[in-house]
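J.: Its first residue numbered 728, the sequence shown is counted upward by one per residue in our numbering.
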Amino acid sequence: MAQSGSRGKVGRFLRASFHEKLNALEVLYFRVKAAVYYRHIFRSFGKGSILYTPMLLSHPEYIRIGRGVSIRQGVRLEAIVSDPTQPPELIIGDNVNIEQNAHIVCHSRVVIGNDVSITGHCTIVDVTHPYEDVDDPRKIGDRVRPDRSYVEIGDRSFLGYAVTVLPNVHIGRYCVIGANALVTRDVPDYSVAAGCPAVLFRQYNHEDGKWHTLNGVPAAKDVRADGSDEPVPR
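Have a look at this one:
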């Protein structure tokens, strides 16, 4: 049976177009790199995970990556060690996809749950650069506030294109954050938020099985969990 499966994979590869063959070989290369390199430099690197060409990896020994994770090209994964007695902790759960050019910086604690989707050009940071001391000779970008900050993103949440999540924010389970949003405060479970700064405008009610519009955001209809819709109750 195993030989039959292997022959099937080889047959599909041989029948594929030239472009598809190149894609398959690229995936194979990065899977091998994960097995022989990334699993030894990260604190943990789960089975079946793949990390394409990153823009920057800083202190991967403080980064945990779960199983079945896909991280696309151009990612910046940066753990900042300003106090060795309080090392950073960057945790990425199982079955997470992080698309191109995402920027994740962890000074204290960043936790991304299971089954989370982070689309292209998103930024997630738990670090703050203090500016108050005008006589500090260091440039502002080199200063790091020593606070024990955090970012938490719950299981099954979705961050749209170019979302920015700032320090001390908890995004709950099964949340959707709209494209280009700036998240500066907590988002509760089963919610939709968007805007700059992001505001909550839809939330799922488990009692009636519907998504309800909040904060006066205009919407003609709510959507039931089964996909049907009906007028918003007023």
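Each residue gets a CB set at the ideal place from its N, CA and C atoms; glycine is no exception. Predicted model only: the values in this text are computed from it and were never measured.
(1) Quick one: give me the first and last residue of the alpha helix (DSSP H) that PHE769 is part of.
(2) Can you tell which of ILE777, GLY899 and SER809 has its C-alpha closest to the C-alpha of VAL754?
(3) Contact defined as beta carbons within less than 8 Å: I believe ARG791 pairs with ARG770. What is the distance between those atoms, to the nearest angstrom?
(4) Are the stretch 837 to 846 and the stretch 884 to 893 touching by the rule of at least three beta carbon pairs closer than 8 Å?
(5) What's the gap between the Cα of TYR901 and the Cα of SER797?
(6) Are the C-beta of ASP863 and some C-beta of chain D separated by less than 9 Å?
(7) Where does GLY735 sit, in a helix, a strand or coil, going by DSSP?
(8) Can the beta-carbon of LEU784 be found less than 9 Å from the beta-carbon of ILE807?
(9) Within this structure, are the beta carbons of ALA829 and THR850 separated by less than 9 Å?
(10) Terminal residues of the continuous beta strand (DSSP E) containing LYS866?
(11) Under the DSSP definition of a beta bridge, which residues are partnered with ILE792?
(12) Across the stretch 866 to 882 and the stretch 894 to 911, are there enough close Cβ pairs to call them in contact, namely three or more that are closer than 8 Å?
(13) List the DSSP bridge partners of ALA806.
(14) Do you know offhand how far ARG803's Cα is from ALA889's?
(15) Around the C-beta of SER744, are 16 or more other C-beta atoms found within 10 angstroms, so that it is buried, or is it exposed?
(16) Relative to the alpha-carbon of LEU927, which residue among GLY773, SER918 and SER876 has its alpha-carbon at the smallest distance?
(17) Specify, as a first and last residue, the run of the alpha helix (DSSP H) that LEU755 falls within.
(18) Any chance you could list the beta strand (DSSP E) runs of at least 3 consecutive residues sitting entirely within the stretch 853 to 939, in chain order?
T.: In this structure, then:
(1) For the purposes of this step, residue 769 is identified with residue 42 of the sequence shown, where counting begins at 1. Where PHE769 is concerned, there is no enclosing alpha helix (DSSP H), given that its DSSP letter is neither H nor E.
(2) Start at 1 with the first residue of the sequence shown, and residue 754 comes out as number 27. For the residues ILE777, GLY899 and SER809, the minimum Cα distance to VAL754 belongs to ILE777.
(3) By 1-based counting over the sequence shown, the position of residue 791 is 64. By 1-based counting over the sequence shown, the position of residue 770 is 43. Indeed, because the Cβ distance is near 5 Å, the residues count as touching under 8 Å.
(4) Contact annotation: the stretch 837 to 846 touches the stretch 884 to 893, with at least three C-beta pairs closer than 8 Å.
(5) For the purposes of this step, residue 901 is identified with residue 174 of the sequence shown, where counting begins at 1. For the purposes of this step, residue 797 is identified with residue 70 of the sequence shown, where counting begins at 1. Straight-line Cα distance between these residues: approximately 19 Å.
(6) Among the protein chains of the structure shown there is no chain D, as only one such chain exists.
(7) Within the sequence shown, numbered from 1, the residue matching residue 735 stands at position 8. Here GLY735 sits in helix by DSSP.
(8) The residue labelled residue 784 in the question sits at position 57 within the sequence shown. The residue labelled residue 807 in the question sits at position 80 within the sequence shown. A distance of 9 Å or more separates the beta carbons of LEU784 and ILE807.
(9) For the purposes of this step, residue 829 is taken as residue 102 along the sequence shown, with counting starting at 1. For the purposes of this step, residue 850 is taken as residue 123 along the sequence shown, with counting starting at 1. Cβ atoms of ALA829 and THR850: closer than 9 Å.
(10) Counting from one through the sequence shown, the residue named residue 866 turns up at place 139. Following the DSSP letters along the chain, one finds LYS866 in no beta strand (DSSP E), marked with neither H nor E.
(11) For this step, residue 792 is matched to residue 65 along the sequence shown. ILE792 is bridged to PHE772 and ILE819.
(12) Cβ pair count under 8 Å is three or more, so yes.
(13) The residue labelled residue 806 in the question sits at position 79 within the sequence shown. In the DSSP assignment, the residues bridged to ALA806 are CYS833.
(14) Along the sequence shown, one-based indexing puts residue 803 at 76. Along the sequence shown, one-based indexing puts residue 889 at 162. Taking the straight line joining both Cα atoms gives about 14 Å.
(15) Against the sequence shown, residue 744 aligns to sequence position 17. Under this definition SER744 is an exposed residue.
(16) Counted from its first residue, the sequence shown places residue 927 at position 200. Looking at the Cα atoms, SER918 is the closest of the given residues.
(17) Walking along the sequence shown from the start, residue 755 turns up at place 28. Membership of LEU755 in the alpha helix (DSSP H) is indicated by the continuous run 745 to 760.
(18) List check, beta strand (DSSP E) in window: 877 to 880, 896 to 898, 918 to 922 and 925 to 932.
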